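Chemist:
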Amino acid sequence: MHRRDPLLDDRPALELETVVCFEPPLEFLPDSFIRPVVDFIVARDDEIDNWPDERIWEELQRRFETHDGFKLKRGPIVQKGITPMHSFVVEPMQYGRLMLAGDAAHIVPPTGAKGLNLAIADVRVLARAFGDFYTTGSRAGLEGYSETCLRRVWKVQRFSWWMTSMLHRFPNEDSFQHQLHLAELDYVTSSRAQATALAENYVGLPFDEPYS
Ligand SMILES: Cc1cc2nc3c(=O)[nH]c(=O)nc-3n(C[C@H](O)[C@H](O)[C@H](O)COP(=O)(O)OP(=O)(O)OC[C@H]3O[C@@H](n4cnc5c(N)ncnc54)[C@H](O)[C@@H]3O)c2cc1C
354 MHRRDPLLDD
364 RPALELETVV
374 CFEPPLEFLP
384 DSFIRPVVDF
394 IVARDDEIDN
404 WPDERIWEEL
414 QRRFETHDGF
424 KLKRGPIVQK
434 GITPMHSFVV
444 EPMQYGRLML
454 AGDAAHIVPP
464 TGAKGLNLAI
474 ADVRVLARAF
484 GDFYTTGSRA
494 GLEGYSETCL
504 RRVWKVQRFS
514 WWMTSMLHRF
524 PNEDSFQHQL
534 HLAELDYVTS
544 SRAQATALAE
554 NYVGLPFDEP
564 YS
């Protein structure tokens, strides 16, 4: 993961990419999931032509395999692609009157499903700052824009990084790291405290203090 600092630094970001595919309801998902998105990490130089539908289904089946012989119900894959995963933060998110919001200011890996949420959170802060400026003339909100947003941004980066690390295996993972990985999964599925922390971040941190 890379942090870009300051504005307009274009150091290369990250070495991992994801295969993303969409398909009709799977039998283990509720009917409301009309087009679920499934992603897994592949090598940076991999190409989508190496991933015919059959191979994607085999990979998914391998991941969802259970001891009682559960089989995924297969269907057509209507869209698939390799999406480069970037992780970066522009800090600060403002320069004079230039304010960055959303992906222009920060990218998180898709595992935490947080990118759009973070973009909306930025815009909420900015809208309030504009509102204050035009109603009272106060510049405090505009001047504090970056600082306010970055408190949330770094927490969301942390959560997205943690989810990615927990939910994906990495090619260079040694046996020690693999055992830590399994322990992490075991902990999150057996500890109410850890499950609560995951849920708190996953549904979205509160907008106002103390987490902003
Ligand atoms: C595979 C994948 C899955 C994702 N899943 C989730 C998820 O489940 N939950 C979630 O919260 N987020 C998710 N995201 C992230 C989310 O899509 C982005 O974080 C979010 O769209 C960022 O919003 P934005 O407005 O900052 O940027 P964008 O949505 O990228 O909007 C930028 C807009 O600017 C336009 N534009 C670019 N250049 C110019 C120009 N020069 N002139 C005029 N217009 C221009 C673009 O066409 C685009 O419409 C996912 C992303 C990916 C790739």
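Letter 58 of the sequence shown, counting from 1, is numbered 411 in the numbering used here, and no numbers are missing.
Glycine residues also receive a C-beta, built at the ideal position from the N, C-alpha and C atoms.
Bear in mind that the values here come from a model prediction, so they are computed numbers and not experimental data.
(1) For the putative contact between Trp410 and Lys433, defined by C-beta atoms under 8 Å, what is the C-beta separation to the nearest angstrom?
(2) What residues in its chain sit with their C-beta under 6 Å from that of Phe512, if we drop five residues either side in the sequence?
(3) Can you tell me the Cα-Cα spacing of Pro445 and Glu500, whole angstroms?
(4) If you reduce the DSSP assignment to three classes, tell me which class His439 lands in.
(5) Measuring CA to CA, which of Val478, Met438, His420, Leu425 is closest to Phe393?
(6) With a Cβ-Cβ cutoff of 7 Å, do Val443 and Ala458 count as a contact?
(7) So if DSSP puts Tyr448 in a beta bridge, which residue, or which two residues, is it bridged to?
(8) At what residues does the alpha helix (DSSP H) containing Asp485 begin and finish?
(9) Check whether the Cβ atoms of Leu551 and Val541 lie closer than 7 Å to each other.
(10) Can you check whether the CB of Leu495 is closer than 7 Å to the CB of Ala482?
(11) Around the Cβ of Lys467, are there at least 16 other Cβ atoms within 10 angstroms (buried) or fewer (exposed)?
(12) Could you give the DSSP three-state label for Phe393: helix, strand or coil?
Modeler: The short version:
(1) Counted from its first residue, the sequence shown places residue 410 at position 57. Counted from its first residue, the sequence shown places residue 433 at position 80. About 11 Å separates the CB atoms of Trp410 and Lys433; that is not less than 8 Å, and the two are not in contact.
(2) Residue 512 sits at position 159 when you count from the first residue of the sequence shown. Cβ neighbours of Phe512 beyond the five flanking positions: Gly465, Asn554.
(3) Residue mapping note: residue 445 aligns to position 92 of the sequence shown, counting from 1. Residue mapping note: residue 500 aligns to position 147 of the sequence shown, counting from 1. Here the alpha carbon of Pro445 sits roughly 8 Å from the alpha carbon of Glu500.
(4) Within the sequence shown, the letter at position 86 stands for residue 439. Correct three-state label for His439: coil.
(5) Taking the sequence shown and counting its residues from 1, the one referred to as residue 393 is at position 40. With distances taken between Cα atoms, Phe393 lies closest to Met438.
(6) In the sequence shown, residue 443 corresponds to position 90, counting from 1. In the sequence shown, residue 458 corresponds to position 105, counting from 1. If you check the CB distance, Val443 and Ala458 come in under 7 Å.
(7) Position 95 of the sequence shown, counted from the first residue, corresponds to residue 448. According to DSSP, Tyr448 bridges with Leu451.
(8) Along the sequence shown, one-based indexing puts residue 485 at 132. First-last of the alpha helix (DSSP H) with Asp485: 468 to 489.
(9) On the sequence shown, residue 551 is found 198 positions in, with the first residue counted as 1. On the sequence shown, residue 541 is found 188 positions in, with the first residue counted as 1. The answer is yes: Cβ separation under 7 Å.
(10) For this step, residue 482 is matched to residue 129 along the sequence shown. For this step, residue 495 is matched to residue 142 along the sequence shown. Result yes, Cβ atoms of Ala482 and Leu495 sit closer than 7 Å.
(11) The residue given as residue 467 occupies position 114 in the sequence shown. Counting Cβ neighbours within 10 Å, Lys467 comes out buried, since at least 16 surround it.
(12) In the sequence shown, residue 393 corresponds to position 40, counting from 1. Three-state DSSP puts Phe393 in a strand.
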